[in-house]
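Asks:
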Amino acid sequence: MRTRPFVHVLAASTLAALVPALAPATASAAGNPLEPYLGQKPAWHRCAGDTPASYQCATIKVPLDYSRPDGKKTDVAISRMKTSTAAERRGVLLLNPGGPGGPGIGMPLSLATELPKSVTEKYDLIGFDPRGLAGVPPSPAV
């Protein structure tokens, strides 16, 4: 009777396959040293100058050195152009100015007129000034 050993092997294999799926996650959010940065709610306000009300600015805190998130912190300037159709909003598009040394805080304002309406009606455009620009501390040397 070869059925019994096969059934035992099948049961053991199934159990072995399910154990990782049923085990609690080892890297929980509570153990993440970057957790304090992840839930930030930027204090959005209208950007300076003659800009539309939908163009907003804020700052967020980031670690100066991500390998030491409990160490020194710095502010990063961010901006957003809110979608023109809030009811159809799908999310955000993060705009990267590239580099080196290109500012990105004004990108949402300039690209809002360049992108198709199918994009601006569904996504907030997010810009930022990378570290190393005037007023933004550089990344630490590695």
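Heads up: the sequence shown is residues -29 to -1, 1 to 113, going by mature numbering (1 follows the signal peptide of the UniProt record, and there is no 0).
Idealized CB from N, CA, C, for every residue including glycine.
For clarity, every value in this text was computed on a predicted model and none was experimentally measured.
Taking only the alpha-carbon atoms, compute the straight-line gap between P71 and T56 and give it to the nearest angstrom.
Replies: Cα-Cα distance, rounded: 34 angstroms.
Asks: Note down the Cα distance separating A(-3) from I97, rounded to an integer number of angstroms.
Replies: Low per-residue confidence applies at A(-3): pLDDT is 47, beneath 50, and the placement is therefore not dependable enough to give any value.
Asks: DSSP has A29 in a bridge; who is on the other side?
Replies: Answer is I49, bridged to A29.
Asks: Measuring straight from C-alpha to C-alpha, what distance separates P87 and P4?
Replies: Approximately 39 angstroms between the Cα atoms of the pair.
Asks: Looking at the strands, I want to know which residues DSSP matches up with V63.
Replies: Paired residues: D95.
Asks: Provide the residue(s) that pair with P34 in DSSP beta bridges, ordered along the chain.
Replies: Per DSSP, K44.
Asks: Roughly how many whole angstroms lie between the Cα atoms of R61 and K44?
Replies: R61 and K44: Cα-Cα distance of roughly 31 angstroms.
Asks: As a quick exercise: from D21, I31, A24, pick the residue whose alpha carbon is nearest that of K12.
Replies: K12 has its Cα closest to that of I31, out of D21, I31, A24.
Asks: Helix, strand or coil for D100 per DSSP?
Replies: Residue state, collapsed to three classes: coil.
Asks: Report yes if the C-beta distance between residue 117 and S89 is below 8 angstroms; otherwise report no.
Replies: What the structure shows of the chain is the stretch from -29 to 113, and residue 117 is not part of that stretch, so it cannot be assessed.
Asks: Measure from the alpha carbon of S81 to the alpha carbon of each residue in E92, R51, E59, K93, then state which is nearest.
Replies: The shortest C-alpha separation from S81 is found at R51.
Asks: How many whole angstroms separate the CB atoms of V63 and F99, which I take to be in contact at a CB cut-off of 8 angstroms?
Replies: Not quite, the Cβ-Cβ distance comes to about 12 angstroms (not below 8 angstroms), so this is no contact.
Asks: In its own chain, which residues sit with a C-beta less than 6 angstroms from the C-beta of L65, not counting the 5 before and 5 after it?
Replies: Around L65: I97.
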